[in-house]
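The numbers in UniProt numbering rise by one with no breaks, and the one at position 288 of the sequence shown is 288. These notes concern the structure reproduced below.
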Amino acid sequence: MAFTIAGKPVGRIGVGMMSLTYPGKCPSTEDAIAILKAALEKGANFWNAGEHYGTVDYNSLHLLRAYFEKHPEDREKVVVCVKSCFHVGTRRPAVDAKSVRESIERCLQVLNGSCRIDVFQPGRLDPNIPIEETVKAVADYVQAGSIGSLGLGECSAASIRRASEITPVALAEIEISLFERSSFRNGVAEACKELNVPIVAFSPLSKGLLTGTYRHHDDIPEGDIRKKFFPRFGREAFEQNSKVVDEVEKVARRKGCTISQVGLAWVAAQGERISTPVMPIPSVSSIARVDENMADIRLTRAELQEIEEVLGAIEIKGGRAPAGMEQYTEV
């Protein structure tokens with residue numbers, strides 16, 4: 001399903017940039033630039049950055065600046081989406097008008113004209129702040145030409161509709177994977193279809209659950225934040241959810257591809273099913289992951305049906321959000 005975001009054609013699969021600047025585990029800037037270049041050459045020209053993906057001194061924005069200063073010829077090829085308005089320390093959105101303006105100004109200052117922000121997106125919304133206040137603050141910058149458009153993240157159907165009354169919504173970033181399909185039931189996908197809003201699917205591999213790297217709970221290293229904070233990675237839930245991975249692996253083996261590739265292909269295929277573009281944005285931390293994640297794997301109708309039967313037979317256990325963050329999902 002060919003589609004555009006912020007007026008630019010985009011590839012079938014995008015890039016989640018979090019792992020490229022995550023403290024302590026990220027590649028060097030030089031290697032990260034090479035990874036992004038490889039992704040672009042594979043057709044992945046939608047890049048999902050975050051001001052909170054890293055530190056104040058080095059995050060996605062600093063990497064974007066370094067990339068486009070080295071490759072200015074790619075500026076018009078890439079759709080740059082920047083998430084902001086989120087306090088990492090308090091783990092709370094900062095989406096009042098003043099905070100939104102401050103976030104946009106910080107992002108523009110770090111980028112220093114190296115590239116255009118095609119989509120500016122409050123990472124999450126605050127149920128205690130009217131969405132109209134948040135959206136109007138972003139819309140002022142859109143109208144001034146400082147940024148290209150507004151995106152929404154972790155949003156409800158009602159918020160998409162209310163935001164669209166103020167300014168066009170370029171995308172809705174929602175968690176979608178074989179383990180997370182609530183947007184197809186809670187009205188979000190329906191609202192996106194109604195308003196022609198593409199869906200950008202974050203965590204399409206369910207935070208690594210669908211990579212098959214860890215097959216049992218004890219395989220996950222101690223101290224891993226997923227094991228510590230995410231209910232879906234709790235011992236009982238993980239062992240139950242791994243049954244889905246085992247079944248998906250059977251599909252992957254017959255198809256001659258990886259579990260991850262089946263997971264991404266399933267997410268991308270949902271666009272045809274709901275008549276609304278759905279773009280998975282897996283994280284990439286190496287060129288090898290780029291080659292795997294950006295491969296053009298398509299599932300047949302029979303394979304999709306087989307997976308649906310698996311999902312209908314195996315109950316998914318554990319919530320997707322850490323304790324305390326549930327209030328900022330589907331706002």
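The beta carbon of each residue, even a glycine, is placed where N, CA and C say it ideally should be.
Assign A313 to one of two classes, buried (16 or more other C-beta atoms within 10 Å of its C-beta) or exposed (fewer than that).
exposed
Assign V310 to one of three DSSP states: helix, strand, or coil.
helix
Is it true that the CB of V290 sits closer than 8 Å to the CB of I35?
yes
In the structure shown, what three-state DSSP assignment does H87 receive?
strand
Measuring only the C-alpha atoms, how far is L205 from V262?
Near 10 Å, if we compare the C-alpha coordinates of V262 and L205.
Helix, strand or coil at K8 according to DSSP, with G and I counted as helix
DSSP, read as helix, strand or coil, puts K8 in strand.
Look at A172 and L150 and say whether their C-beta atoms are less than 8 Å apart.
no
Inter-stretch contact at 8 Å, needing at least 3 Cβ pairs: the segment 183-196 / the segment 231-251:
no
From F179, L195, L178, pick the residue whose C-alpha is nearest to that of E165; which is it?
For the residues F179, L195, L178, the minimum Cα distance to E165 belongs to L195.
Taking 8 Å as the threshold, find out whether the segment 36-48 comes into contact with the segment 88-101 through three or more Cβ pairs.
no
Check whether the Cβ atoms of P231 and G145 lie closer than 8 Å to each other.
no
With H, G and I counted as helix, E and B as strand and the rest as coil, what does DSSP make of M279?
In the three-state reduction of the DSSP assignment, M279 falls in the strand class.
In terms of residue numbering, what span does the beta strand (DSSP E) encompassing V169 cover?
169-175
With a cut-off of 8 Å, does the C-beta of E315 fall near any C-beta of chain C?
The structure shown contains no chain C; it holds only a single protein chain.
Using the Cα positions of F238 and P72, report the straight-line distance between them to the nearest angstrom.
Between F238 and P72, the C-alpha separation is close to 44 Å.
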